[in-house]
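Peer 1: Protein chains in written order, with the working numbering: chain A, 1174 to 1495; chain B, 1174 to 1495.
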């Protein structure tokens, strides 16, 4: 099945989970968070990875949903920590129901994700749990490093790459690994798929950073949000590490400068980004990572059609399908 | 082994878990929360239940620790929601490190509890996960009902019993069930043990409510804390349901009355409690529940010595060992 067919399966399955009616303030926010949609990349990755080796997708559905519920839990709690008022155009859970409800319904989502995971075929449950637990803890580590970096003036590029690997890539890696375990892949194929997922995840996150500052009309995203929040993206870190003390001062304080309009803030930051060529540097890094991902994928021995569909899917996500 | 020997084993195991060094703000609060101690009732219950049917306690240690780590996660997040500054005489995690750190390190503790659970013998992992997931979700439900009740003037006694069953008893039930599964108990013994644990948990929580208002010099706990917080305990709910509208007004607003000293607040509330004989009513309910617990326990077919030790342990917890 191609990614669109699998996305439909994922949405159908998530929509039919059927949380209890009460207590309302525990379960309605969980449903609200899950119905917000999004691209469902992680569960689709579970299913596409599974599809490389097997074809009874129903076997893999609960684990695919588990990964998506876990991902949405992280967004829910991150939004409290980041004080984010909106997600996908709607009020965040803490903003709509208050912080206590958001904390507790997030907790319920973690537990819900493990309830789904427990539906894996019994002989595979232990390796799947080990993968999921390792990845889940790494995601927490990534979030903590991300918060740590906020209060630091400089962050080494390697520290940043490690942080986004933990916060973003490892959940792609876990999704791909769990799908492969469920499909019965051998250790060598699993190792290649993990390398593919890790490098793809990094390329994907770096592209996200790039598009936020330099835009992509195809996606219709507004440009400069990260700059206005003073976020330490790959571009910001590259610029900070190259900048003079005066420029560094501008990059660090610009977003809090009340005498500037939003457009002026964005323009001032982009001017320094451009001075140090961080756009090209970021594109180079994206290309290098994505090439490594595809090289690892090409080493996987699996059903040819499913392999081609996975390749088409990730090329689409990286905008290489034009 | 008796409960004291098992407590030592639990503390040794928890002390040797060895969380990573970094990120510091993720893992130090986890260790801080776990080293606070407490009676470790839940892991001791896992081990004592296991000991009814088997004797290689090392098999049950990771699951015992999982239940304790989960319990401490609930305390950590509840303390944020309740705005509680102290726990066991020390600053709570949110109070010491801030709310964001408390949210995220609590999340890490849930995941850590599942990592421990995954060390269960592979053939038993699925039933153990199912039990743990069911119980974990019920604990969240109980916490939500508890918060819901804060803003209500009256709560039916049955609603209160249901809430403390979810918030407190089911984790005892889960601890006992997981120990029994690990020990290889049959379905009938598991059912009797679950009834025992549920009724014991209710008796234990009701006793906690009672001691907070009427004290017990053996425990050295200060008296009246629940009254000063305006908490809806079993005693408060019994009094509210019997009281006149004027008395109800006093019970509901007394703790916020700034013209009264703490002693006066406690005295005014206890006067109404005494008028409706809620102390005796609560004692009756405790005795009824605990008798049901012991009756269920006496139906369990298991190693006689271990059964006697479990009975001695719960009698001690209920102050019946004098």
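Positions of the beta carbon are idealized from the N, C-alpha and C atoms, including for glycine.
Under DSSP, the alpha helix (DSSP H) around residue 1181 (chain A) begins and ends at which residues?
Peer 2: Here the alpha helix (DSSP H) through residue 1181 (chain A) covers 1176 to 1188.
Peer 1: Which whole-angstrom value describes the C-beta separation of residue 1282 (chain B) and residue 1242 (chain B), a residue pair presumed to lie in contact below a C-beta threshold of 8 Å?
Peer 2: 6 Å
Peer 1: Would you mind giving the Cβ-Cβ distance between residue 1292 (chain B) and residue 1235 (chain B), rounded to the nearest angstrom? I have them listed as a contact below 8 Å.
Peer 2: 4 Å
Peer 1: With respect to the alpha helix (DSSP H) encompassing residue 1302 (chain B), which residues constitute its N-terminal and C-terminal limits?
Peer 2: Per DSSP, residue 1302 (chain B) belongs to the alpha helix (DSSP H) from 1295 to 1323.
Peer 1: State the beta-bridge partners of residue 1260 (chain A) as determined by DSSP.
Peer 2: A:1263
Peer 1: What first and last residue would you give for the alpha helix (DSSP H) that runs through residue 1427 (chain B)?
Peer 2: Boundaries cannot be given for residue 1427 (chain B), as no alpha helix (DSSP H) includes it and DSSP labels it neither H nor E.
Peer 1: Is there a Cβ from chain B that is less than 9 Å from the Cβ of residue 1216 (chain A)?
Peer 2: no
Peer 1: To the nearest angstrom, report how far apart residue 1483 (chain B) and residue 1264 (chain B) are at their CA atoms.
Peer 2: 34 Å
Peer 1: Excluding sequence positions up to five away, which residues of its chain have a Cβ less than 8 Å from the Cβ of residue 1424 (chain B)?
Peer 2: 1409, 1412, 1413, 1416, 1442 and 1445
Peer 1: Using only alpha-carbon positions, find the residue among B:1212, B:1208 and B:1475 that is nearest to residue 1353 (chain B).
Peer 2: B:1475
Peer 1: At 3 residues or longer, and completely inside the region 1368 to 1399 of chain B: list those beta strand (DSSP E) runs for me, N to C.
Peer 2: As summarised for the region 1368 to 1399 of chain B, there are no continuous beta strand (DSSP E) elements at least 3 residues long confined to that stretch.
Peer 1: Since I believe residue 1299 (chain A) is in contact with residue 1298 (chain B) (beta carbons under 8 Å), could you give me their beta-carbon distance rounded to a whole number of angstroms?
Peer 2: 6 Å
Peer 1: So, using beta-carbon positions, are residue 1259 (chain B) and residue 1268 (chain B) closer together than 9 Å?
Peer 2: One thing to note: residue 1259 (chain B) has its Cβ within 9 Å of the Cβ of residue 1268 (chain B).
Peer 1: Verify whether the separation of the beta carbon atoms of residue 1497 (chain B) and residue 1212 (chain B) is less than 9 Å.
Peer 2: Limits of chain B in this structure are 1174 at one end and 1495 at the other, which puts residue 1497 (chain B) out of reach.
Peer 1: How far does the alpha helix (DSSP H) with residue 1471 (chain B) in it extend, from its first residue to its last?
Peer 2: 1451 to 1471
Peer 1: Using the Cβ count rule (16 or more neighbours within 10 Å means buried), how would you classify residue 1273 (chain A)?
Peer 2: buried
Peer 1: Return the Cβ separation of residue 1491 (chain B) and residue 1376 (chain B) in integer angstroms, given the expectation that the two are a contact with Cβ distance under 8 Å.
Peer 2: So it is a contact: roughly 6 Å between Cβ atoms.
Peer 1: Residue 1294 (chain B): which of B:1309, B:1251 and B:1355 sits nearest, CA to CA?
Peer 2: B:1355
Peer 1: Looking at the secondary structure, which residues open and close the alpha helix (DSSP H) in which residue 1271 (chain B) lies?
Peer 2: Run containing residue 1271 (chain B): none; DSSP gives neither H nor E here.
Peer 1: In angstroms, rounded to a whole number, what distance separates the CA positions of residue 1255 (chain B) and residue 1231 (chain A)?
Peer 2: 42 Å
Peer 1: Answer with yes or no whether the minimum CB distance from residue 1418 (chain B) to chain A is below 9 Å.
Peer 2: no
Peer 1: Using Cβ-Cβ distances below 8 Å, what residues of the region 1324 to 1335 of chain A are close to chain B?
Peer 2: none
Peer 1: By the three-class DSSP mapping on this structure, what secondary structure does residue 1420 (chain B) have?
Peer 2: helix
Peer 1: Measuring CB to CB, does residue 1240 (chain B) end up less than 9 Å from residue 1252 (chain B)?
Peer 2: no
Peer 1: Which residue comes first and which comes last in the alpha helix (DSSP H) that contains residue 1480 (chain A)?
Peer 2: 1477 to 1490
Peer 1: What are the uninterrupted segments assigned as alpha helix (DSSP H) that are 4 or more residues long and contained completely in the region 1183 to 1254 of chain B, given in chain order?
Peer 2: 1197 to 1208 and 1214 to 1224
Peer 1: Please determine, among A:1192, A:1182 and A:1472, the residue with the shortest C-alpha to C-alpha distance to residue 1214 (chain A).
Peer 2: A:1182
Peer 1: For residue 1130 (chain B), collect the residues of the same chain with a Cβ closer than 6 Å to its Cβ; drop the 5 residues on either side in sequence, then sort them by chain order.
Peer 2: The question about residue 1130 (chain B) has no answer here: the residues shown for chain B are numbered 1174 through 1495.
Peer 1: Over what stretch of residues does the alpha helix (DSSP H) that includes residue 1406 (chain B) continue unbroken?
Peer 2: Boundaries cannot be given for residue 1406 (chain B), as no alpha helix (DSSP H) includes it and DSSP labels it neither H nor E.
Peer 1: Determine the direct distance from the alpha carbon of residue 1233 (chain A) to that of residue 1379 (chain A), and round the result to whole angstroms.
Peer 2: 29 Å
Peer 1: Which word fits residue 1458 (chain A), buried or exposed, when buried means at least 16 other C-beta atoms lie within 10 angstroms of its C-beta?
Peer 2: buried
Peer 1: I need the straight-line Cα distance from residue 1280 (chain B) to residue 1439 (chain A), nearest angstrom please.
Peer 2: 35 Å
Peer 1: Residues of chain A with CB closer than 7 Å to the CB of residue 1318 (chain B), please, in chain order.
Peer 2: 1196
Peer 1: If you measure from the CB of residue 1261 (chain B), is any heavy atom of the ligand FAD nearer than 8 Å?
Peer 2: Judged by which ligands are present, the structure shown has none, so any question about the ligand FAD falls away.
Peer 1: How far does the alpha helix (DSSP H) with residue 1332 (chain B) in it extend, from its first residue to its last?
Peer 2: 1330 to 1337
Peer 1: Look at the alpha carbon of residue 1493 (chain B) and the alpha carbon of residue 1321 (chain A), and state the distance between them as a whole number of angstroms.
Peer 2: 51 Å
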